[in-house]
DNA sequence: TGCATGCATCGATAACTGTCGATACATTGA
DNA sequence: TCAATGTATCGACAGTTATCGATGCATGCA
């Protein structure tokens, strides 16, 4: 199993050369995290927050989902490397990882 | 329901502004199509074929899936606007739609 | 006309996923 | 130490999805 970090680094394998099975799996993991409207809105909220960072507690109301559901989606985003979560006191700060976004973005270059 | 074509056009709503529910749904539909390793490999094969076009019959063996499964995935890609399918004689030619790829790509710009 | 072939559809099944209420955990403040 | 609060986890349920064998449909070829 390749490291997710590989994708975050410079210009991964894109569609300019046939994907092998491992690369496809790796990319699919990333896109799977983007394949849900609630997660896209969460990402959008975080991306538009100061320092690309938002408190988890400020995200439930805008997306209109329950606390466990938002927590679940944030974990999916974190597992996919799209955000990082840092616990500070009672709250959890979520920060966008632009490099990972760029990595997935580059994968779509034709 | 917004038209998929909207996304294919120039520079859609990206993460630079909070996504509304409809935009999120629209983008998620696209990424959902990308969220499977088999489909990514199919896209990759098509993208690397001459004229961005490949015969459906040449795709089953490389991805190692059954004919119905490949047919299903190609339909998903076509429904998402990522490829077009044209029946020519007994075969079906699949062609990549670079504009749609670019549309989803731009959505990830930070 | 009849046969071979490439593709789509159907039916079935197993696996995954989004959602939420209930609950447990941890941290802060009184 | 105790109560309040922000998160994570658990259990459950409904809906979706990936997969394939069997079958049907249409086209080209002999």
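Protein chains in written order, with our numbering: chain A, -10 to 99; chain B, -10 to 99. We put the CB at the ideal spot given by N, CA and C, even for glycine.
Point to revise | Other residues of its chain near residue 28/A: CB distance less than 8 Å, five sequence neighbours each side excluded | key: Walking along the first chain from the start, residue 28/A turns up at place 39. Cβ neighbours of residue 28/A beyond the five flanking positions: 22, 62, 65 and 66.
Check your understanding: Around the Cβ of residue 79/B, are there at least 16 other Cβ atoms within 10 angstroms (buried) or fewer (exposed)?
Key -> The residue labelled residue 79/B in the question sits at position 90 within the second chain. Around the beta carbon of residue 79/B, fewer than 16 other beta carbons lie within 10 angstroms, which makes this residue exposed.
Check your understanding: Using a Cβ-Cβ distance under 8 Å, would residue 49/B count as near chain A?
Key -> Here the question's residue 49/B lines up with position 60 in the second chain. Cβ-Cβ to chain A under 8 Å: no for residue 49/B.
Exercise for review: Starting from the N-terminal side, write out each stretch of the beta strand (DSSP E) that is 3 residues or longer and does not extend beyond the segment 14 to 72 of chain B.
Suggested key: Complete beta strand (DSSP E) runs here, min 3: 42 to 44.
Exercise for review: Take the Cβ of residue -1/A as the centre, count every other Cβ of all protein chains shown within 10 Å, and call the residue buried at 16 or more, exposed below.
Suggested key: Position 10 of the first chain, counted from the first residue, corresponds to residue -1/A. Residue confidence for residue -1/A is low, a pLDDT of 43 falling below 50, so the modelled location carries little weight and cannot support an answer.
**Study point:** Same chain only: Cβ atoms within 6 Å of residue 91/B, ignoring 5 sequence neighbours per side
**Key:** Numbered from 1 along the second chain, position 102 holds the residue referred to as residue 91/B. Counting only Cβ-Cβ distances below 6 Å, and skipping sequence neighbours, we find nothing.
Exercise for review: Could you list the residues in the segment 25 to 50 of chain B with a C-beta less than 7 Å from some C-beta on chain A, going in chain order?
Suggested key: So the close ones are 25, 26, 29, 30, 32, 33, 34, 36 and 37.
Review point. In this structure, does DSSP put residue 85/B in helix, strand or coil?
Key: Mapped onto the second chain, residue 85/B falls at position 96. Note: residue 85/B maps to strand in three-state DSSP.
Exercise for review: Just grab the DSSP bridge partners of residue 77/A for me.
Suggested key: Counting from 1 along the first chain, the entry for residue 77/A is found at position 88. Paired residues: 80/A.
Exercise for review: Output the distance between the C-alpha atoms of residue 44/A and residue 25/A, rounded to the nearest integer angstrom.
Suggested key: As a first step, residue 44/A must be located in the first chain, where it is residue number 55. As a first step, residue 25/A must be located in the first chain, where it is residue number 36. Distance between the alpha carbons of residue 44/A and residue 25/A: 20 Å.
Exercise for review: Please compile the residues from chain A whose C-beta is within a distance smaller than 7 Å of the C-beta of residue 21/B.
Suggested key: As a working note, residue 21/B is residue 32 in the second chain. Result: 24.
Check your understanding: List, in order along the chain, the chain B residues whose C-beta lies closer than 9 Å to that of residue 14/A?
Key -> Here residue 14/A refers to the residue found at position 25 when the first chain is read from its first residue. Residues of chain B passing the Cβ test: 26 and 29.
Check your understanding: Are residue 34/A and residue 48/A touching if we call contact CB-CB under 8 Å?
Key -> Numbered from 1 along the first chain, position 45 holds the residue referred to as residue 34/A. Numbered from 1 along the first chain, position 59 holds the residue referred to as residue 48/A. Result yes, Cβ atoms of residue 34/A and residue 48/A sit closer than 8 Å.
Check your understanding: Does any C-beta atom of chain A lie closer than 8 Å to the C-beta of residue 94/B?
Key -> Within the second chain, residue 94/B is the residue found at index 105, counting from 1. Yes, because at least one Cβ of chain A sits closer than 8 Å to the Cβ of residue 94/B.
Check your understanding: Using the C-alpha atoms, what's the distance from residue 17/A back to residue 93/B?
Key -> Position 104 of the second chain, counted from the start, is the residue given in the question as residue 93/B. Position 28 of the first chain, counted from the start, is the residue given in the question as residue 17/A. CA-CA distance, residue 93/B to residue 17/A, rounds to 14 Å.
Exercise for review: Go through its chain and collect everything with a Cβ distance to residue 40/A's Cβ below 8 Å, but skip five positions before and after it.
Suggested key: As a first step, residue 40/A must be located in the first chain, where it is residue number 51. Cβ neighbours of residue 40/A beyond the five flanking positions: 84.
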